[in-house]
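Engineer:
Protein chains: 2
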Amino acid sequence: MQGELSDEKVMVAEPEADILGKGYGRKKGKLELSLEEAAFLFETGKIEIKEKEEKKLNLGDFLKHASQISPKFAVRYIVYRDLKERGYAVQPGRVDFWLYPRGAKPGEKPAKYFIRILSERDFLPLKALDALLVLARNMRKEPILAVVDEESDITYYELKEAKFESAEQMKEEEERKEGKAKATLLSDRVLLWDADLAENLHRNNFYGKLTKEKRLLLSLVESAYLMKRDMLEIAKNAEPLKPQTSNLKPLNFEQFIDYVNSIESDFMDKYGVYEDLRGKGLTVKTGFKFGSHFRVYTARQQKHSSYLIHVLPEEHVFSIPELSRAVRLAHGVKKRMIFAFRQKAGEERVIRYIDVGRMKL
Amino acid sequence: MQGELSDEKVMVAEPEADILGKGYGRKKGKLELSLEEAAFLFETGKIEIKEKEEKKLNLGDFLKHASQISPKFAVRYIVYRDLKERGYAVQPGRVDFWLYPRGAKPGEKPAKYFIRILSERDFLPLKALDALLVLARNMRKEPILAVVDEESDITYYELKEAKFESAEQMKEEEERKEGKAKATLLSDRVLLWDADLAENLHRNNFYGKLTKEKRLLLSLVESAYLMKRDMLEIAKNAEPLKPQTSNLKPLNFEQFIDYVNSIESDFMDKYGVYEDLRGKGLTVKTGFKFGSHFRVYTARQQKHSSYLIHVLPEEHVFSIPELSRAVRLAHGVKKRMIFAFRQKAGEERVIRYIDVGRMKL
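Protein sequence lines correspond, in order, to chains B and R.
Start counting the first sequence at 0; every next residue gets the next number (numbering that gives the first Met the number 0).
Start counting the second sequence at 0; every next residue gets the next number (numbering that gives the first Met the number 0).
(1) With 9 Å as the C-beta to C-beta threshold (strictly closer), list the residues of the stretch 95-107 of chain R near chain B in chain order.
(2) Rounded to the nearest angstrom, what separates K235/R and L132/R at their Cα positions?
(3) In whole angstroms, what is the alpha-carbon distance linking V189/B and K343/B?
(4) Could you check whether the Cβ of E42/R sits closer than 8 Å to any Cβ belonging to chain B?
(5) Looking only at its chain, what residues have a beta carbon closer than 7 Å to the beta carbon of Q243/R, apart from the 5 residues adjacent to it on each side?
(6) Comparing the C-beta of D187/R with each C-beta of chain B, is any distance below 8 Å?
(7) Count the other CB atoms, across all protein chains shown, that sit within 10 Å of the CB of G345/B; report buried if there are 16 or more and exposed otherwise.
(8) Check whether the stretch 318-328 of chain B touches the stretch 352-360 of chain R, counting contact only when three or more Cβ pairs, one atom from each stretch, lie closer than 8 Å.
(9) Please check if any C-beta of chain R sits within less than 8 Å of the C-beta of V310/B.
(10) Buried or exposed: where does V349/B fall if 16 or more other Cβ atoms within 10 Å of its Cβ makes it buried?
(11) Determine the DSSP secondary structure at K27/B, reduced to helix, strand or coil.
(12) In chain order, which continuous runs of the alpha helix (DSSP H) of length 4 or greater are located wholly inside the stretch 283-357 of chain R?
(13) Can you have a look at H292/R and say buried or exposed, based on whether 16 or more other CB atoms are within 10 angstroms of its CB?
(14) From the DSSP output, in three-state form, read off Y155/B for me.
(15) Does the distance from the C-beta atom of G2/B to that of I77/B stay below 8 Å?
(16) I need the straight-line Cα distance from S245/B to K302/B, nearest angstrom please.
(17) Using a Cβ-Cβ distance cut-off of 8 Å, determine whether S118/R contacts chain B.
(18) Could you confirm whether any beta carbon from chain R is found closer than 8 Å to the beta carbon of P91/B?
(19) Is the CB of I262/B under 8 Å away from at least one CB in chain R?
(20) Check whether chain R comes within 8 Å of S245/B, counting only Cβ atoms and requiring the distance to be less than that.
(21) Could you give the first and the last residue of the continuous beta strand (DSSP E) run that contains M0/B?
(22) Residues of chain R with CB closer than 8 Å to the CB of G280/B, please, in chain order.
(23) Would you decide whether P142/R is buried or exposed? Buried here means 16 or more other CB atoms lie within 10 Å of its CB.
(24) Classify P242/B as helix, strand or coil using the three-state DSSP reduction.
(25) Just the Cα atoms here: how many angstroms apart are I319/R and L117/R?
(26) Tell me, please, whether the CB atom of K368/R is closer than 8 Å to any CB atom in chain B?
(27) Spell out the partners DSSP gives I143/B in its beta bridges.
(28) Distance check for R136/R and E150/R, CA to CA, integer angstroms please.
(29) Counting only the same chain and skipping the five closest in sequence on each side, list residues whose C-beta sits under 8 Å from that of F317/R.
(30) Quick one: Cα of G286/R to Cα of I308/R, how far?
(31) Counting along the chain, where does the beta strand (DSSP E) carrying I233/B start and finish?
(32) Closer than 8 Å by C-beta to K51/R: which residues in its own chain qualify, once you throw out the five before and the five after it? Chain order, please.
(33) Please specify which runs of the beta strand (DSSP E), each continuous and at least 3 residues long, are wholly inside the stretch 12-70 of chain R, giving them in chain order.
(34) Chain B partners of G331/R, CB-CB under 8 Å?
(35) Within 10 angstroms of the Cβ of I18/B, are there 16 or more other Cβ atoms? Answer buried if so, exposed if not.
(36) Shorter than 8 Å from the beta carbon of A73/B to some beta carbon of chain R?
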């Protein structure tokens, strides 16, 4: 069978095209094949391809030609081939490809997924990731990222709006009854002195790190949260906070936040996410050992955390190896990797959580 | 026993000091304690502390005072306490602390390690990491990084000059006999057509990814290496390389590198490390799935790679979570994490490898 290369398409005369079956191309008078479809049919011996009025192309020339017309051709074709070889029906579509449920043919059932194809060298804005989720919801599809690495191996990722498993609600009221704890600011952490309050906050609500002497070392984010809820009182230092005020009124929340912002940029983004997660009844601890901001437990008696949460500015742009690293690490410790960001929604800011996981197709 | 706070030291009169034993302070007329030593002795009830001519301090005021005098006090003290509680002899020293072998006392044996203390919020230039290794070699100590996270947990890392286990030498001669392979450049990868050469390069030397049709997909770094060794010939494209030259002379190495540099910044740093590792007889593949540049096998029949190698510019500055993430990931997949960089040494550039691993003390 003969195809003719025409810009970014390969055209096959319709009477012949029918024997290719329903899986290929779109009919527009002739059958119009995408470059990937044409390459696959060429490589599997089903068609030959010539340039307009010219001699037949060999496979090498066709592939070279295709990658010059479309710089993404090579990675798209690698993914297309992989999916075909796994027995899936695939069709070029709006977001690179449509993927049909295993065994289904285009036309019989709607596509289940759409696939966005990336090369290891691409960059992916967080906003583009989010736009894929919005599109998926509108189109009732599930979005997949297919990343082709420099050695032409493919990693598939599923994208989801993060859903947190229902969490036991923390006993907020009980917490409050305990009264206000007095604490000392030590540079970038806070030391709480009352042994009973310390033990209670730690054992019931997993705040801080309890020392042998039953003092509680709190992180800045925990301290801010407890201050906001009127549970913690931090004495003002003569220095470095406000040299002019030498009275001992405790810091108020805004003063504390001002100080923290001076030693940790983007603190408010991180704090906003912490507060939101605590508000959902989740237990939130630092994710430092896993290179993320937080690790999250969904129940009190849980031994291992379920989620790693990394907070990003809305304008963040992922390098693909950065994404790979974060998801691989979470996967290796049996947690879900979730990227959180504060999104402007009119006057408001809402916190969004995107769950990215490895996927076996 | 009474100590007197004096700037960054606490002084104890000598006759009294003797009962503290050899583990604390330096004698300079009086016994001079560091803030961490003093805090530890205060907290464990061995001394009291007053300010010059003034009233006694309570522990909270002393800690607050110490952290205002020395912003690193809190993290230093957290590490000091942890080491003391683990039964080690520790002494403040040039690089934060000296650490003695377990059971040994200062004076009896020389210190085995020195410890550099970092907070999760610090930044660590690659050059500073390297300087620690140089210092360690000169002083015959082993360097340790102690990182205190925001919840006051400590992670200890050992630093080493990377030593690669002796590798089987690849059969370079055999490789060469095969002659020059013809290949096509497809945007950001290279396709090699000769089935015998493809299979040979892949099976014997682990180059590229072999397709079902026995074609070999090579990465750019592999292609550059094979070109340099005269084993690969890539036809020049009309576009996008050089529109004016329409003859079909193959690309030379420099032309190929120019092209690759246009799509991948820092390619030469990465290539330099690849060449160096291959030159050591190691098998080098992409580390993309682990978020690093390379994974390295030391023997041909090895199922899992032994090292992850990430190439950095000499001027790189680590954030501490970034370091934590990389080492945690490597550890989780039972590999060593190695950071490679090209270092200027006079006119020359040498490639240096720094091995950073988690350490149980």
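Ideal placement from N, C-alpha and C gives every residue a C-beta, glycine not left out.
Structural biologist: Taking the geometry as given:
(1) Answer in chain order: no residues at all.
(2) By 1-based counting over the second sequence, the position of residue 235/R is 236. By 1-based counting over the second sequence, the position of residue 132/R is 133. Each residue's CA atom was taken as its position, placing K235/R and L132/R some 46 Å apart.
(3) Mapped onto the first sequence, residue 189/B falls at position 190. Mapped onto the first sequence, residue 343/B falls at position 344. Roughly 32 Å separates the two Cα atoms.
(4) Here residue 42/R corresponds to residue number 43 of the second sequence, with the count starting at 1. Any Cβ of chain B closer than 8 Å to the Cβ of E42/R would place that residue at the interface, and such an atom is present.
(5) Reading the second sequence from its first residue, position 244 is the one you call residue 243/R. Only weak support is given to the placement of Q243/R: the predicted model assigns it a pLDDT of 41, under 50, and the value that follows is read from those uncertain coordinates. Apart from the 5 residues on each side of it in sequence, Q243/R has no Cβ closer than 7 Å to any other Cβ in its chain.
(6) In the second sequence, counting from the first residue as 1, residue 187/R sits at position 188. It does: the Cβ of D187/R has a partner Cβ on chain B nearer than 8 Å.
(7) Counted from its first residue, the first sequence places residue 345/B at position 346. Exposed.
(8) Not touching, per the Cβ criterion.
(9) The residue given as residue 310/B occupies position 311 in the first sequence. Interface annotation, V310/B: not in contact with chain R, CB-CB separation never under 8 Å.
(10) As a working note, residue 349/B is residue 350 in the first sequence. The C-beta of V349/B has fewer than 16 other C-beta atoms within 10 Å across all chains shown, which makes the residue exposed.
(11) For the purposes of this step, residue 27/B is taken as residue 28 along the first sequence, with counting starting at 1. DSSP places K27/B in the strand class (E or B) of the three-state scheme.
(12) With a minimum length of 4 residues, the continuous alpha helix (DSSP H) runs that stay inside the stretch 283-357 of chain R are 319-331.
(13) Reading the second sequence from its first residue, position 293 is the one you call residue 292/R. Burial call: buried.
(14) As a first step, residue 155/B is located in the first sequence; it is residue number 156 there, counting from the start. Of the three classes helix, strand and coil, the one that applies to Y155/B here is strand, per DSSP.
(15) Position 3 of the first sequence, counted from the first residue, corresponds to residue 2/B. Position 78 of the first sequence, counted from the first residue, corresponds to residue 77/B. Cβ atoms of G2/B and I77/B: not closer than 8 Å.
(16) Counted from its first residue, the first sequence places residue 245/B at position 246. Counted from its first residue, the first sequence places residue 302/B at position 303. With a pLDDT of 45 at S245/B, under the threshold of 50, the predicted position of this residue should be treated as unreliable, though the coordinate-derived value follows. About 45 Å.
(17) Here residue 118/R is taken as the residue at index 119 of the second sequence, counted from 1. Closer than 8 Å to the CB of S118/R there is at least one CB belonging to chain B.
(18) Here residue 91/B refers to the residue found at position 92 when the first sequence is read from its first residue. Using a Cβ-Cβ cut-off of 8 Å, P91/B does not count as an interface residue toward chain R, since no Cβ of chain R sits closer than that to its own.
(19) Translated into positions along the first sequence, residue 262/B becomes position 263. The C-beta of I262/B comes closer than 8 Å to at least one C-beta of chain R.
(20) Position 246 of the first sequence, counted from the start, is the residue given in the question as residue 245/B. Residue placement at S245/B is poorly supported in this model, since its pLDDT is 45, which falls under 50; the coordinates are not used for a value here.
(21) Sequence index remark: in the first sequence, residue 0/B carries index 1 (1-based). Run containing M0/B: none; DSSP gives neither H nor E here.
(22) Taking the first residue of the first sequence as 1, we reach residue 280/B at position 281. Those do not exist, as G280/B stays about 20 Å from chain R at its closest Cβ, beyond 8 Å.
(23) In the second sequence, the residue the question calls residue 142/R occupies position 143. If you draw a 10 Å sphere on the C-beta of P142/R, you find 16 or more other C-beta atoms in it, and that means buried.
(24) Numbered from its first residue, the first sequence carries residue 242/B at position 243. Caution applies to P242/B, whose pLDDT of 40 falls short of 50 and renders its modelled position unreliable; the value that the coordinates give is listed next. Reduced to three states, the DSSP call for P242/B is coil.
(25) Locating residue 319/R in the second sequence gives position 320, counting from the first residue. Locating residue 117/R in the second sequence gives position 118, counting from the first residue. Straight-line Cα distance between these residues: approximately 8 Å.
(26) Any answer about residue 368/R is impossible in this case: the structure gives chain R only from 0 up to 360.
(27) Residue mapping note: residue 143/B aligns to position 144 of the first sequence, counting from 1. I143/B is bridged to I114/B, E157/B.
(28) The residue labelled residue 150/R in the question sits at position 151 within the second sequence. The residue labelled residue 136/R in the question sits at position 137 within the second sequence. Whole-angstrom Cα-Cα distance: 33 Å.
(29) Counted from its first residue, the second sequence places residue 317/R at position 318. Taken in chain order, the residues that qualify are F122, L123, P124, L125, L128.
(30) As a working note, residue 286/R is residue 287 in the second sequence. As a working note, residue 308/R is residue 309 in the second sequence. When only Cα atoms are considered, G286/R and I308/R end up about 8 Å apart.
(31) Reading the first sequence from its first residue, position 234 is the one you call residue 233/B. Start and end: 231-233.
(32) By one-based count along the second sequence, residue 51/R stands at place 52. Answer for K51/R: E3, L4, S5, listed in chain order.
(33) As summarised for the stretch 12-70 of chain R, the continuous beta strand (DSSP E) elements at least 3 residues long and confined to that stretch are 25-27, 29-33, 47-50, given in chain order.
(34) Taking the first residue of the second sequence as position 1, residue 331/R is located at position 332. Ordered by position in chain B, the residues that pass the 8 Å Cβ test against G331/R are L328, G331, V332.
(35) Taking the first sequence and counting its residues from 1, one reaches residue 18/B at position 19. Exposed.
(36) Indexing the first sequence from 1 puts residue 73/B at position 74. Yes, because at least one Cβ of chain R sits closer than 8 Å to the Cβ of A73/B.
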